[in-house]
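Residue numbers (my numbering), protein chains in the order written: chain A, 6 to 326; chain B, 2 to 374; chain C, 320 to 668.
Every residue gets a Cβ at the ideal spot worked out from N, C-alpha and C, and that includes glycine.
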């Protein structure tokens, strides 16, 4: 039983990392109907900008926060570590928002009126570009992420036989995913920007006729989605302290599968789908054949698209002629 | 970082390529310098480049400078094949060094064999590679030997009865090693309680480790590369798994400890050499590698270095440096004192050399024991 | 757009390209097979062979992506099915009945060996067709991006299945495959592929495919069986991808699942897009161009010390999409362009 619960915990925490990526994915898809293949690479860039920020300014930052929290600069406390982490995440979010802006401006916007397939191919191109230039700029060897939470002990329950282990970082990722989802829901449903996003997503031309600056709304959505990917990159980097230039491609695809499972364009669905995917993978690893784990996400994707293409929470849209 | 590296490579290539001597010896290298396995190809390349730089500083071979032509294969076998053809037929290299992965060495070997150009693989462990023909050599262990070494260590030194395996299902190296470990460990009376797997590139291994934990093994065999093993160790310890982790030469990199940290304590892996080894060849290599690249060499760099060294030694012994002579000299390599041990090439053109078992302790790889072939 | 309605003109072009010319072309390929190695460096020769395999891949993918307007990203999967099955068959035969393949005295290849090889290629192609049919089924319900990601997913699933199949070596791969593939066979099959795709595109069936691409809803309304059209296109594209996989396996003599990941599918897509979606000659030209370009860029690595080829590739793809989204030829064939040029000249005088 304890083993089963441990699988659930593992699955939820893995699902949390997918959710962080899937949120941005689903936002961009919702507004442009574009599978932004480069999203996984933006996530990678987020992880790397976090890495370099903490290499350049990490010690100073934690010293600063330590001074505030416990008066001494050399004592690492959890609140100080959390504050440092938040600053690093902020930096990564800003960098990624800029990257997202540039990608949208330079590669996607000129193709706004061309067939969607062209947009998809461009996205593939952008993704390959970031992967391979990343290998040249950052080097292809995996980099270790500085461990801010080294002193953080895991929470354990039970003993030996029925040991349950929960890593606080995993909880952090899980909670962040849900909080971000709530914030996004708020933005989408209760702000002017959100209303504009929904209008653009519903119908570009009509929205622009209504005086909505569609280009700016799309750019804002892109920046928001990319910033989320950046945050995801840093958080995954902190939880699994290894980053490399190709780290984004498979999680990106899996997160997309999760977003489709939940109903693409729907932020709640993206989180739900990610948790289901995480749980399914954990249970497959535990009780089934883990060698097929990489195929599971795609199998789920194909299954859901054949049964209910709009996803679990998606609203079916009729194809207009 | 970028500038450092490009600068270093530029300088290195300038040193190697720019002085056009009337007669140079051309040596080809094929490696995965971009793509998903780039980190292994780049390390190997650095080892080979260092060996050539040193040899040229010593005056080359028989007064001739060595020129390295290295080609990238992006981790694709057909690119490896075409690059080999280019080296062998266009650039007319004297010998070919490469590849890390057996799948790509197997694509290269028939071409080298057909054109009768000696080829040395630094670290392809699949026995089939050298079976292609009599011009194909290697300087690393083959899977059966290394699998046996760790199985012996697990049963004799650790007195383990039940071992769990966590293999990288995407890597031929890891799969091969796991299979031969299983075979050898069962023969010595042990039991494999669970055979779990992951694929390289993954970062979350909690579920696999949870299922291993439930089976209560005495040790876990993780024959992957350092790119994943560090994370595996970290997550294993967090899950409360205290038993030793075991591995192969794919672990040998300072990255292992950078990523895994203290979680790696109480882990053992088989390797070609120990960096603690005070012999001149080992210490000189580590020192010059550190000066050249500002980092500790990993296992693949050492293998690349040795592949080049073995080749130079063989070339030095020949009269006219014809392919046939080099081949014969390579086959006769005996007790060659390389960085990664005393290499003797056996009749199957595999390197036969002792393996050492190292213990990971606070970032250091401590020498534990030596196993002779 | 609009090209669908030009097919009248194209079918006369198909008439000119009668079977005789194709047979002659095959004969020429075999002539080159014996003649070229003497005058050409093995390196360039090898590039030509790989270019030929890429031509088969891109032309067959063009049938699905270009002519039918379905976006498949799983071509590597079909290729691996064909490659693995045919290689498995021949290695099994070579092991159990070596006397069928080589003359025990002279060591020469026997005709029976060639027949078995060709049969294995076709078996591989058929297996890929079956898989293509299965993958084609979802396309009944999906379109555009969804189809793209589903086919990509299928491709990955196929790769994972091979990774876990011990009969073909799993991650350690299948090695020791006999090298049957030669320049002659590759280009024979290149010509056969182009011929078949050409004939299909310029047949009544081809018009069904074009109508699906141009406007699926309108096509359905006109009573066109779009479902059947799409699935057939998928199956046929997969067949030739499977054959290309077989050629690839018997040329390289070793296979491993990692060879067929989605990056390979991307590579073929780049060729199709660059050549022009819906242009057979475009695919041919782009496949050769990109294969050659990849080798031509090698000296760049010697100069810079890093391999920039994939960076350049991806930039070419992006710039192409921005500057000339229809590819080099658009939906035209080389013949069309030449004729138009002639026509323009004729009009001027």
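- Could you pull out every unbroken alpha helix (DSSP H) segment of at least 4 residues lying fully inside the region 497 to 542 of chain C, listed in chain order? 502 to 520, 523 to 533 and 535 to 540
- Identify whether residue 462 of chain C lies in helix, strand or coil by the three-state DSSP scheme. coil
- Query: At a CB-CB cut-off below 9 Å, which residues of chain C make contact with residue 79 of chain B?
  - Reply: 369, 372, 567, 570, 571 and 578
- Go ahead and pull the three-state DSSP assignment for residue 143 of chain B. coil
- Query: Cα separation between residue 175 of chain A and residue 547 of chain C?
  - Reply: 49 Å
- Item | Ranges of the alpha helix (DSSP H) found wholly within the region 168 to 218 of chain A, counting only runs of at least 4 | 173 to 195, 197 to 207 and 209 to 214
- Message: For residue 343 of chain A, tell me which candidate among A:237, A:267 and A:243 has the shortest Cα-Cα distance.
- Response: Since the first and last residues shown for chain A are 6 and 326, residue 343 of chain A lies out of range.
- Item | Any chain C beta carbon closer than 7 Å to residue 107 of chain B | yes
- Query: residue 120 of chain B by DSSP, collapsed to three states: which one?
  - Reply: strand
- Query: For residue 593 of chain C, which of C:489, C:476, C:367 and C:612 has the nearest alpha-carbon?
  - Reply: C:612
- Message: Comparing C-alpha positions only, which one of B:326, B:321 and B:371 sits nearest to residue 64 of chain B?
- Response: B:321
- Query: Taking buried to mean at least 16 other C-beta atoms within 10 Å of its own C-beta, is residue 23 of chain B buried or exposed?
  - Reply: The predicted model places residue 23 of chain B with a pLDDT of 47, which falls under 50 and marks its position as unreliable; any figure quoted below should be read in that light. Residue 23 of chain B should be labelled exposed.
- Item | Element boundaries [beta strand (DSSP E), containing residue 146 of chain A] | Per DSSP, residue 146 of chain A belongs to no beta strand (DSSP E) and is neither H nor E.
- Tell me, which residues are paired with residue 493 of chain C by DSSP? C:574
- Query: Would you say residue 346 of chain B and residue 324 of chain B are within 7 Å of each other, going by their C-beta atoms?
  - Reply: no
- Query: Applying a beta-carbon distance threshold of less than 8 Å, which residues of chain A neighbour residue 669 of chain C?
  - Reply: What is shown of chain C runs 320 to 668, which leaves residue 669 of chain C out entirely.
- Task: Rank A:228, A:61 and A:279 by C-alpha distance to the C-alpha of residue 183 of chain A and give the top, closest one.
- Result: A:279
- Message: Using the three-state DSSP reduction, which class does residue 373 of chain B fall into: helix, strand or coil?
- Response: coil
- Item | chain C contact for residue 310 of chain A (CB, 7 Å cutoff) | yes
- Query: With burial defined as no fewer than 16 other Cβ atoms inside 10 Å of the residue's Cβ, what is the status of residue 134 of chain A: buried or exposed?
  - Reply: buried
- Item | Residues bridged to residue 272 of chain B (per DSSP) | B:357
- Message: Distance check for residue 465 of chain C and residue 185 of chain A, CA to CA, integer angstroms please.
- Response: 26 Å
- Item | Interface residues of the region 159 to 177 of chain A facing chain B [CB-CB below 9 Å] | 159, 161, 165, 168, 170, 172 and 175
- Looking at the C-beta of residue 600 of chain C, does it have a partner C-beta in chain B at a distance below 7 Å? no
- Is the beta carbon of residue 370 of chain C less than 7 Å from the beta carbon of residue 578 of chain C? no
- Query: What are the residues that DSSP puts in a beta bridge with residue 169 of chain B?
  - Reply: B:199
- Message: Along the chain, where does the beta strand (DSSP E) containing residue 247 of chain B start, and where does it finish?
- Response: 246 to 248
- For residue 189 of chain A, collect the residues of the same chain with a Cβ closer than 6 Å to its Cβ; drop the 5 residues on either side in sequence, then sort them by chain order. 272
- Query: Starting from residue 79 of chain B and walking both ways along the alpha helix (DSSP H), at which residues does that stretch end?
  - Reply: 78 to 86
- Query: Mind checking if residue 23 of chain A is an interface residue toward chain C, Cβ cutoff 7 Å exclusive?
  - Reply: no
- Item | Test: residue 287 of chain A CB closer than 7 Å to a CB of chain B | yes
- Closer than 8 Å by C-beta to residue 355 of chain B: which residues in its own chain qualify, once you throw out the five before and the five after it? Chain order, please. 342, 343, 371, 372, 373 and 374
- Measure the C-alpha to C-alpha separation of residue 6 of chain A and residue 167 of chain A and round it to an integer number of angstroms. 8 Å
- Message: For chain C, check one thing: does any of its Cβ atoms lie closer than 7 Å to the Cβ of residue 306 of chain A?
- Response: yes
- Item | Per-residue burial, residue 11 of chain A [other beta carbons within 10 Å of its own, 16 or more giving buried] | buried
- Query: Any beta-carbon of chain B closer than 7 Å to the one on residue 547 of chain C?
  - Reply: no
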